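The numbering of the sequence shown is our numbering, which starts it at 1424 and goes up by one. Please read the structure below before turning to the comments.
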Amino acid sequence: MISMPNDHQSNDFRDTFIKIFMEDLKLKVRQQHIYQVEMLSSKNPRRSAFVIIRSYSDFRAFFNKLVPTNFFYNGYFMIALISDTFLEIQDIFSDLWKLQIYNVIVIVEDGHERLSIFTFFPFRSSADCMNTTPVLINEFINGSFTRGLSNIFPNKMKNLQQCEVKVATSNDIPPHMVLRAMSDGTFNIFGRDFEIIDALSKSLNFKINFNYIGQYGCILEIRGIEGALKKVYENKSDLVIADCWLRINRMEMFDTSTTYFTDKIVMAFPPIPELTSFEKLFYPLSLTIWILLGLYLWVGISTIFIIKKKSKVVQNFVIGENVNYPYFNMLIGILGLQQNRLPGNNFARFLLMNFLILCLVMRTVYQGKLFQILQANMKHSEPQTLAEMQQLGYKFHAVEFYEELISSSLKMNIVSNGKYRFESTIRLLKENDKNGILEVYSDLLYQYNIKNLTNIQVCREHFLLIPIVIYAKKNFFLMQAINEKIEILRAAGLIEYWFLLSLSKEFENKMPNHPKVLTFDHLSGCFYIWIFGCSLSILALVFELMIEKLKTWIKRTEL
1424 MISMPNDHQS NDFRDTFIKI FMEDLKLKVR QQHIYQVEML SSKNPRRSAF
1474 VIIRSYSDFR AFFNKLVPTN FFYNGYFMIA LISDTFLEIQ DIFSDLWKLQ
1524 IYNVIVIVED GHERLSIFTF FPFRSSADCM NTTPVLINEF INGSFTRGLS
1574 NIFPNKMKNL QQCEVKVATS NDIPPHMVLR AMSDGTFNIF GRDFEIIDAL
1624 SKSLNFKINF NYIGQYGCIL EIRGIEGALK KVYENKSDLV IADCWLRINR
1674 MEMFDTSTTY FTDKIVMAFP PIPELTSFEK LFYPLSLTIW ILLGLYLWVG
1724 ISTIFIIKKK SKVVQNFVIG ENVNYPYFNM LIGILGLQQN RLPGNNFARF
1774 LLMNFLILCL VMRTVYQGKL FQILQANMKH SEPQTLAEMQ QLGYKFHAVE
1824 FYEELISSSL KMNIVSNGKY RFESTIRLLK ENDKNGILEV YSDLLYQYNI
1874 KNLTNIQVCR EHFLLIPIVI YAKKNFFLMQ AINEKIEILR AAGLIEYWFL
1924 LSLSKEFENK MPNHPKVLTF DHLSGCFYIW IFGCSLSILA LVFELMIEKL
1974 KTWIKRTEL
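In structure tokens, the structure reads:
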């Protein structure tokens, strides 16, 4: 409670007010503070105040103390005016509206325990905007309020009656706000941010007056404020919606809405090379399985080698009496061919059966998985984090706009932020397969789709999350209503839907999931193995011929 005059009349009025309002509202005064205007200074701004004044000149003394450090401008103010001059009430409302304060009522005592309550409605009709004329909304007569106290502070921002709100934006930030000239001379506007401001205008019933600027705006130490933000700073626009990031230096100069979209900055890099058809032959099984299979074969070969050094009885018991080529039979079992000579005793047959069952299972699993892998466009493992990319020798690049966001731990090459930024990104990624460049994820999505690109990948670790907000002039009267509507739009999933609507295709060009015809590219690895086997056969033939020739030559020399 703030009391301007400190006399018997104002004290009586204060006591009357407390008695009437607190009893009617069934409120208990937990702690009552009475200040003189000279004492108004606080580190914690107040959200509500009851002010007792005698005249308009007293109000001006209080008005001079209406600074953001003392009061929240979207708070609630009750002003008790001991005099009852209608013009003074209008002057009070006019001054408060200049500060964008609208949750205010003026209480005037007309007689003994008879009160009149006035407020103003800034938006009455499309032809009567910013109106501060006092309106009688309630009276206290014969011990009760004529209209109750449930709506003592009416919501004045739920319907702007088609009054104008000046919106600064950019006409060149696809896909968030896109302006297209039509053949009939008109313009078509679309994009996520346009859908948001259009939905706000319909739900709050205001008329949009767009102010198109070439860029969305930024705050620079040397050149100052530029773009759409400059229009708001100069009071030529009320707010700006243009994919604006939440930044500390902007928060100091503008009001910000709640976050309506969260974007991210990612590291883009050239695509990882695909597996060759030869590499795919080894991909169905993990390295551990290959090692275990190798050990199993090594044990089998070693066993045969050791048994061959033993007596004929041991060989017949383990390998079989009529099996002359155990190594060749082992190869036949691996390939799944028919065993022409089977061992005669049960123990040797049992060993052979175990080996054939293992080969059958592993061969079936391998063939099934290999068929899938041959048709898939599989790639080598890609880096998952920025630290991993650094270890692999990637060189990072970023446009100068991101320079202040980069920590000292990342070595970054700063490139100029020209008009054709994305074309520069493509060029850098084509120059070196170890180049990485910072980009906004939504921009990459959009460029991917309109250019139908497939030659970019992004690191799974996000470099930075970016809250996207609406900026408005300080203490903008509509900001609280805008925040409430944005929360509804977000909860309904409409903002995400509008963003995805601007992307006409999928981010990745996914191949349809149906059987494919196997081509030479799929099976070239098998042909490489066949050629390698033929080469070994020819070498073996040449080696055998050389041995035969050598034996013949030795016999001749002995004779």
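Glycine residues also receive a C-beta, built at the ideal position from the N, C-alpha and C atoms. Here the structure is a predicted model, which means the values were calculated and not measured.
Run through DSSP, which three-state label would residue i get?
i       : result
Cys1882 : coil
Glu1644 : At Glu1644, the pLDDT of 49 sits below 50, so the modelled position is not reliable; the number obtained from the coordinates is stated separately. Reduced to three states, the DSSP call for Glu1644 is coil.
Ser1709 : coil
Glu1811 : helix
Ile1505 : coil
Ala1472 : strand
Tyr1825 : helix
Ala1651 : helix
Leu1522 : coil
Ile1695 : coil
Gly1916 : coil
Ser1549 : coil
Leu1669 : coil
Ser1804 : coil
Val1663 : strand
Met1969 : helix
Ser1517 : helix
Phe1900 : coil
Asn1493 : coil
Thr1975 : helix
Glu1657 : coil
Ser1725 : helix
Asn1467 : coil
Asn1554 : coil
Leu1926 : coil
Provide the residue(s) that pair with residue i in DSSP beta bridges, ordered along the chain.
i       : result
Val1981 : Correcting the residue type first, residue 1981 is Glu in the shown sequence and not Val. None; Glu1981 has no bridge partner.
Asp1481 : Asp1481 pairs with nothing; no bridge assigned.
Ala1963 : Ala1963 pairs with nothing; no bridge assigned.
Asp1686 : Ile1889
Gly1859 : Phe1819
Ser1958 : DSSP output for Ser1958 lists no bridge partner at all.
Asn1632 : Lys1589
Phe1416 : Absent from the model: residue 1416. The displayed extent of the chain is 1424 to 1982, so no value can be given.
Ser1567 : Ile1564
Thr1681 : In DSSP, Thr1681 forms no bridge with anything.
Asn1836 : His1820
Phe1500 : Ala1472 and Val1527
Val1894 : Correcting the residue type first, residue 1894 is Tyr in the shown sequence and not Val. Answer by DSSP bridge pairing, in chain order: Val1663 and Thr1679.
Within its chain, find whatever has a CB closer than 7 Å to the CB of residue i; leave out the 5 residues flanking it on each side and keep chain order.
i       : result
Leu1779 : Gly1756
Gln1513 : Thr1555, Thr1556 and Pro1557
Met1605 : Asn1611
Leu1708 : Tyr1789
Lys1933 : With a pLDDT of only 45 at Lys1933, under the threshold of 50, the placement of this residue in the model should not be trusted; the figure read from the coordinates follows. Cβ within range, chain order: n/a, list empty.
Beta-carbon within less than 6 Å of residue i's beta-carbon, same chain only, minus the 5 sequence neighbours each way: which residues are those?
i       : result
Leu1469 : Residue identity differs from the one stated: residue 1469 is Arg in this sequence, not Leu. Closer than 6 Å at the Cβ level, and outside the excluded window around Arg1469, lie Phe1494.
Gln1807 : Arg1883
Met1835 : Phe1819, Ala1821 and Ile1829
Ile1524 : Tyr1496
Ile1528 : Met1501, Ile1540 and Thr1542
Arg1570 : Asn1561
Phe1922 : Arg1615
Once you ignore the five residues that flank residue i on each side, which residues in its own chain have a CB closer than 8 Å to its CB?
i       : result
Leu1926 : Pro1598, Leu1868, Tyr1869 and Asn1872
Ile1889 : Trp1668, Leu1669, Thr1685, Asp1686, Lys1687, Ile1688 and Val1863
Asn1487 : none
Asn1768 : Asn1739, Phe1740, Gly1743 and Glu1744
Leu1851 : His1820, Val1838, Asn1858 and Ile1860
Lys1978 : none
Asn1632 : Glu1587, Val1588, Lys1589 and Val1590
Ala1622 : Lys1908, Leu1912 and Leu1917
Ser1624 : Val1588, Lys1630 and Ile1631
Met1801 : Glu1697, Leu1698, Lys1703 and Tyr1706
Three or more beta-carbon pairs under 8 Å between the segment 1695-1706 and the segment 1621-1628, yes or no? With a cut-off of 8 Å on Cβ pairs, the segment 1695-1706 is not in contact with the segment 1621-1628, counting fewer than three such pairs.
What residue ranges within the segment 1573-1629 form continuous alpha helix (DSSP H) runs of no fewer than 4 residues, ordered along the chain? DSSP runs (the alpha helix (DSSP H)) wholly in the segment 1573-1629: 1615-1627.
Residue ranges of each alpha helix (DSSP H) run of no fewer than 4 residues wholly in the segment 1728-1779, ordered along the chain? List check, alpha helix (DSSP H) in window: 1735-1741 and 1749-1758.
Examine the Cβ distances between the segment 1892-1906 and the segment 1574-1581 and report whether three or more of them are shorter than 8 Å. The answer is yes - the segment 1574-1581 touches the segment 1892-1906, with three or more Cβ pairs under 8 Å.
I want to know whether the segment 1707-1721 touches the segment 1785-1802 - three or more CB-CB distances under 8 Å. Inter-segment contact for the segment 1707-1721 and the segment 1785-1802 is present: three or more beta-carbon pairs are separated by less than 8 Å.
Any contact of the segment 1587-1596 with the segment 1650-1664, i.e. 3+ C-beta pairs under 8 Å? Flag = yes, the segment 1587-1596 and the segment 1650-1664 touch.
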